[in-house]
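Peer 1: Handing you this structure, nothing more for now.
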Amino acid sequence: MVRAVDGVDLSIDRGETLGVVGESGSGKTVTALSVLKLIPMPPGRIVGGRILWRGRDLVPLGAHEMQKIRSKEIAIVFQEPMTSLNPVYTIGDQIAEVVRLHEDLSKRAALEKTVEMLRLVHIPNPERRVADYPHQFSGGMRQRVMIAMALSCNPALLIADEPTTALDVTIQAQILDLLTEMKARLGMAVMLITHAMGVVAETAQRVVVMYAGKVVEEAPVGELFANPRHPYTQGLIRSIPRIDTAATK
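Below, the structure written as structure tokens:
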């Protein structure tokens, strides 16, 4: 048996942004998927430990019970906006499906809620765009749609898994600003998964560093950058490009 993650112990408070950083393959996404029990079983399985949500252990819950928690209480934004949406359904239908699954709303009311969510994430002309298909949106706009879908049921915890992947630098900044705005407006907690130390420096209050499936360091963001203790964390910080340092070959 190969353990993708082992002994991961972390917590997140209401209204907090927790940054989870590490290289590809360090276990960040597996940890996030485990929280929502989205690990394909088989071949994967949770062999030990607890996942506590509001004092309740999620590990023994069945599919039906987890369905009530996903999106309604804990939502996730997946890391690839270009392929995360179904290409044959309008974005309005896809968001409204989530709303109707968890809220006692009519089809018309769900559509109105969808338009409201698109407006909330600053998509222009939401009344018209709600009838468009994913291919009619840019990468940045698709990520805004994914965020609108994740927030449509007002979750208490949002897991953002590499939310700026495949986006250019300007759009990345806009998406991060949007997440910060939504967190402040809705009062939710955010678990921000990234490999970019610069991202957590701008957005997180506390940082967890993962390496080889384990948590190797945890600290408030200012303390982590001022005094990184683990050699891997030190290496991550040294890898951040700096405009005041001459390049060497």
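According to our numbering, the residues represented by the sequence shown are 15 to 263, in order.
Backbone N, C-alpha and C define an ideal beta-carbon position, used for all residues, glycine too.
#1: Decide yes or no for the touch test of the segment 221 to 233 against the segment 55 to 71: beta carbon pairs closer than 8 Å, at least 3 of them.
#2: Suppose the cutoff is 6 Å on Cβ atoms and the five residues either side in sequence are ignored; what does the same chain contact list for A110 look like?
#3: Apart from the five residues on each side of it in sequence, which residues of its chain come closer than 8 Å, Cβ to Cβ, to M80?
#4: Below 8 Å on the Cβ atoms is my contact criterion, and I expect I53 with M205 to pass it. Report the Cβ-Cβ distance as a whole number of Å.
#5: Just checking my contact of A89 with A164 at CB under 8 Å: how many whole Å lie between their CB atoms?
#6: Give a yes or no on contact between the segment 150 to 157 and the segment 92 to 99, applying the rule of three or more CB pairs nearer than 8 Å.
#7: Closest by CA to V16, which one among P57, T43 and T45?
#8: Could you check the C-alpha separation between I185 and R158 for me, to the nearest Å?
#9: What separation, rounded to the nearest whole angstrom, lies between the Cα atoms of R133 and R143?
#10: When the Cα of L250 is compared with those of E216, G212 and A174, which residue comes out closest?
#11: Just to confirm, is the Cβ distance from T31 to K197 under 9 Å?
#12: Using CA atoms only, rank isn't needed, just tell me which of E216, S166 and L99 is closest to E130.
#13: Do V222 and L24 count as a contact pair if the criterion is CB distance below 9 Å?
#14: Name the residue from M55, R59 and E87 whose alpha carbon lies nearest to the alpha carbon of R70.
#15: Between the Cα of A226 and the Cα atoms of T247, R243 and N241, which residue gives the shortest distance?
#16: Using the DSSP secondary-structure output, state which residues sit across from Y225 in a beta bridge.
#17: Going by C-alpha distance, which of S120, D146 and E117 is nearest V102?
#18: Pull up the distance between the alpha-carbon of V22 and that of R220, whole angstroms please.
Peer 2: Let's see:
#1: Taking 8 Å as the limit for Cβ pairs, the verdict is that the segment 55 to 71 does not touch the segment 221 to 233.
#2: If we look at A110 and ignore the five residues flanking it on each side, its Cβ neighbours are A124, L125 and T128.
#3: Once the five neighbours on either side are set aside, the close Cβ partners of M80 are L50, K51 and L72.
#4: Not a contact, Cβ separation roughly 16 Å.
#5: With 8 Å as the limit, A89 and A164 qualify as a contact, their Cβ atoms being about 4 Å apart.
#6: Between the segment 150 to 157 and the segment 92 to 99 there are three or more C-beta pairs closer than 8 Å, enough to call the two in contact.
#7: Taking the Cα of V16 as reference, the smallest distance to any Cα among P57, T43 and T45 is reached at P57.
#8: C-alpha separation (whole angstroms): 10 Å.
#9: If you take the alpha carbons of R133 and R143, they lie about 10 Å apart.
#10: Nearest of E216, G212 and A174 to L250, Cα basis: G212.
#11: For T31 and K197, yes; Cβs fall inside 9 Å.
#12: Comparing Cα positions, the closest option is S166.
#13: In this structure, L24 sits near V222, with a CB-CB distance shorter than 9 Å.
#14: The closest CA to that of R70, considering only M55, R59 and E87, is found on E87.
#15: Of the listed residues, the one whose Cα sits closest to A226 is T247.
#16: K228, per the DSSP bridge assignment.
#17: Comparing Cα positions, the closest option is D146.
#18: Looking at the two C-alpha atoms, the distance is approximately 16 Å.
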